[in-house]
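These notes are about the structure you will find just below.
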Amino acid sequence: MCYFQTTQIPEFGCEGDVAREATRTKEFSFNYIFWSVDQDDSNYCSQEKVFQEFGTDIVSSAYDGFNACAFAYGQPGSGKTYTMIGTQDIFLKMNDQSATYRTEISFMEIYNERVRDLLETPDRAREGLRVREHPKHGPYVEDLSHHIADSFQDANELIRIGETNRCTAPTNMNDVSSRSHAIFTLIFTQARMFNGMPYETQSRIHLVDLAGSESADASGASGQRLKEGGNINRSLVTLGTVITLLAKSSDTDIEKKVFIPYRDSKLTWLLKDSLGGNSRTFMIASK
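Given below as structure tokens:
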């Protein structure tokens, strides 16, 4: 089912040396629309309800051997991180005795187009890691650490460590504004017997907490904060461009192959397979 919502969105441009902001009306289509502001409202939707609507599909995809990816996009303080984190479902399903499971976790951020390992010590985490591309397995981060998680408690502790190391700063719009894109990856391997033979599948779940999109005027950014905002907005524009071009390339009426600029940002390069490859991908927009 598809729902439509009409809203006013900012449109940025330049007039001489003075930044100007205008608004235009645009209609968006969504698979679901949730109201989660006022708990006393009859239309209020809880975190559990949101997860049941589409989060269960992500977990099921992993158990079926497919990759999955969920993006959270919106202004700082709108609840992106809260929406993305908290379910124990994938670990509860491991009680199935017909298979053995192995879960590895990595957690990185992209800050000013530099990749950092959020699960390393703070001094080592500041070092930028290189992105490379394997001819068979696609893009990967060289020397990124991976950690075994045998339970939800293990995973939750890794999330806590990563969030502590993440780059944040106060702005006019939020006291603690994320200044980076964070990618939490769960590599899920299951082994079982099939027709008397050992059989193994591996899937990846990417949870992508995008940095909040802010205009320089609204956030009051200057100096380093202004540079951060520029890099954030450029990578978000690249993400939008890649998604738009992928939609066009799937149009059967287009005869010429469309070039997809994945490498224009570290974000789209690292998530190349999630955007245009073998993955079930979801976008959560918070307001």
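Numbering follows full-length UniProt numbering, with no gaps: position 89 of the sequence shown is 89.
Beta carbons: idealized from backbone N, C-alpha and C, even for Gly.
Owing to the predicted nature of the structure, the values given are computational and were not obtained by experimental measurement.
Helix, strand or coil at residue i [DSSP, three-state]
{"i": "T100", "result": "strand"}
{"i": "F184", "result": "strand"}
{"i": "T121", "result": "coil"}
{"i": "G55", "result": "helix"}
{"i": "G277", "result": "coil"}
{"i": "F66", "result": "coil"}
{"i": "D251", "result": "coil"}
{"i": "L270", "result": "helix"}
{"i": "Y199", "result": "strand"}
{"i": "Q190", "result": "strand"}
{"i": "Y262", "result": "helix"}
{"i": "F34", "result": "coil"}
{"i": "R179", "result": "coil"}
{"i": "K287", "result": "coil"}
{"i": "L245", "result": "helix"}
{"i": "G240", "result": "helix"}
{"i": "G212", "result": "coil"}
{"i": "S42", "result": "coil"}
Inter-residue spacing [alpha-carbon to alpha-carbon] between residue i and residue j
{"i": "S106", "j": "N31", "result": "29 Å"}
{"i": "C167", "j": "R179", "result": "6 Å"}
{"i": "I148", "j": "E27", "result": "44 Å"}
{"i": "E163", "j": "N195", "result": "44 Å"}
{"i": "N95", "j": "G277", "result": "30 Å"}
{"i": "E104", "j": "I187", "result": "5 Å"}
{"i": "A68", "j": "R114", "result": "24 Å"}
{"i": "E200", "j": "I159", "result": "27 Å"}
{"i": "D57", "j": "G65", "result": "12 Å"}
{"i": "F51", "j": "M84", "result": "9 Å"}
{"i": "E142", "j": "L246", "result": "27 Å"}
{"i": "D150", "j": "Q202", "result": "16 Å"}
{"i": "Y140", "j": "N112", "result": "18 Å"}
{"i": "M197", "j": "Y63", "result": "19 Å"}
{"i": "D40", "j": "T241", "result": "39 Å"}
{"i": "P135", "j": "R192", "result": "29 Å"}
{"i": "F91", "j": "L210", "result": "25 Å"}
{"i": "V258", "j": "E133", "result": "21 Å"}
8 Å Cβ cutoff met for residue i and residue j
{"i": "G138", "j": "S286", "result": "no"}
{"i": "L270", "j": "V59", "result": "no"}
{"i": "L275", "j": "I232", "result": "no"}
{"i": "K272", "j": "I110", "result": "no"}
{"i": "R116", "j": "M108", "result": "yes"}
{"i": "A70", "j": "F282", "result": "yes"}
{"i": "S61", "j": "R204", "result": "no"}
{"i": "L118", "j": "A72", "result": "no"}
{"i": "L249", "j": "I260", "result": "Per the sequence shown, residue 249 should be read as Ser rather than Leu. Yes."}
Contact belief for residue i with residue j at Cβ below 8 Å, rounded distance in angstroms
{"i": "F54", "j": "C45", "result": "The pair is not a contact, with the Cβ atoms about 12 Å apart (cut-off 8 Å)."}
{"i": "E127", "j": "S145", "result": "Their Cβ separation, rounded to whole angstroms, is 12 Å, which puts E127 and S145 out of contact at 8 Å."}
{"i": "L239", "j": "T268", "result": "6 Å"}
{"i": "H206", "j": "T189", "result": "Contact doesn't hold; Cβ gap of about 16 Å is too wide."}
{"i": "F152", "j": "Q88", "result": "4 Å"}
N- and C-terminal bounds of the beta strand (DSSP E) containing residue i
{"i": "G138", "result": "138 to 141"}
{"i": "H146", "result": "No beta strand (DSSP E) contains H146, which DSSP labels as neither H nor E."}
{"i": "R130", "result": "Taken as a continuous stretch (DSSP letters only), R130 belongs to no beta strand (DSSP E), as it is neither H nor E."}
Start-to-end residues for the alpha helix (DSSP H) that takes in residue i
{"i": "residue 341", "result": "Because the chain spans 1 through 287 in this model, residue 341 falls outside it and cannot be assessed."}
{"i": "V50", "result": "47 to 50"}
{"i": "D89", "result": "89 to 92"}
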